[in-house]
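**Q** This is the structure, below, for whatever I ask next.
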């Protein structure tokens with residue numbers, strides 16, 4: 581008999597399909613006893629694995645999406661951009677900063693000392709003579725004024741001057757000399773009489789004097805201002821009376837001329 585005839589004959593009974601086999605093939609998962617394994621709906625993942633998920637390491641790591649090695653590498657890269665100093669480095673940097681600050685302070689001190697215009701005088705005021713007590717003498721430099729400063733030498737631009745203040749006096753006279761750094765007397769001497777605690781030319785306790793010689797240009801004054809040359813001095817001599825002779829004058833004060841300018 582032709583087998584194809586049996587196959588095509590609809591009257592012959594057909595065997596029922598093995599439902600257990602179909603179920604297993606559809607699910608694709610069987611238990612150890614051969615029974616179908618329960619599957620989570622719509623996921624295709626066995627229910628036992630879904631329930632046991634928190635205890636599994638690999639799914640948890642995948643869910644978190646973090647890699648400890650990669651995270652450590654990223655932290656190292658971030659920290660590499662920030663400067664890090666050891667205790668020794670910090671101590672060395674602090675010492676260097678203190679050294680630089682000390683050098684700057686010393687340099688500034690030397691600079692301002694070189695242009696100091698308030699130089700201490702050689703005399704300790706008040707100064708007492710035979711017939712007079714001088715309270716103070718303030719020395720300075722100023723520009724020569726040919727119209728007011730009678731007798732000033734030709735080409736002199738800056739002249740030394742002084743303001744003299746009495747504390748008390750009898751009667752007598754003072755003579756003032758201006759001395760340059762080489763010890764030469766510059767200009768004419770200035771004479772002032774005094775009595776009763778006042779000067780004869782002003783009638784007050786204070787009088788102004790100036791030299792008829794001095795410095796010829798601003799450059800010489802700038803050198804004196806920075807103390808690059810020796811000092812000028814003012815010499816004060818007291819006479820024996822109002823009409824004292826030259827031989828009767830005695831030196832009572834010798835002070836340096838301040839470089840400050842008026």
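Residue numbers (the working numbering): 581 to 842.
For every residue, glycine included, the Cβ atom is placed at its ideal position computed from N, Cα and C.
1. Tell me which residues share the same chain as residue 789 and place their Cβ nearer than 6 angstroms to its Cβ, disregarding the 5 neighbours each side in the sequence.
2. Can you grab the Cα-Cα spacing for the pair residue 668 / residue 687, in whole Å?
3. Could you tell me which residues DSSP pairs with residue 740 in its beta bridges?
4. Starting from residue 800 and walking both ways along the alpha helix (DSSP H), at which residues does that stretch end?
5. Does the pairing of the segment 793-808 with the segment 664-682 give three or more beta-carbon distances under 8 angstroms?
6. Residue 818 to residue 798, Cα distance in whole Å?
7. If you check the beta carbons only, do residue 791 and residue 816 fall under 8 angstroms apart?
8. Are residue 795 and residue 758 closer than 8 angstroms when you measure CB to CB?
9. Take residue 710 as the anchor and find which of 718, 675, 832 has the nearest alpha-carbon.
10. Tell me, please, which residues DSSP counts as bridged to residue 836.
11. Less than 8 angstroms between the C-beta atoms of residue 740 and residue 721, yes or no?
12. What did DSSP end up calling residue 668 once you bin it into helix, strand or coil?
13. In angstroms, rounded to a whole number, what distance separates the CA positions of residue 835 and residue 713?
14. By the three-class DSSP mapping on this structure, what secondary structure does residue 673 have?
15. Would you kindly check if the distance between the Cβ of residue 821 and the Cβ of residue 724 is under 8 angstroms?
16. If we ignore side chains and look at the alpha-carbon of each, how far apart do residue 785 and residue 704 end up?
**A** So, to answer that:
1. 742, 756, 770
2. 29 angstroms
3. 721
4. 798-805
5. no
6. 33 angstroms
7. no
8. no
9. 832
10. 813
11. yes
12. helix
13. 16 angstroms
14. helix
15. no
16. 19 angstroms
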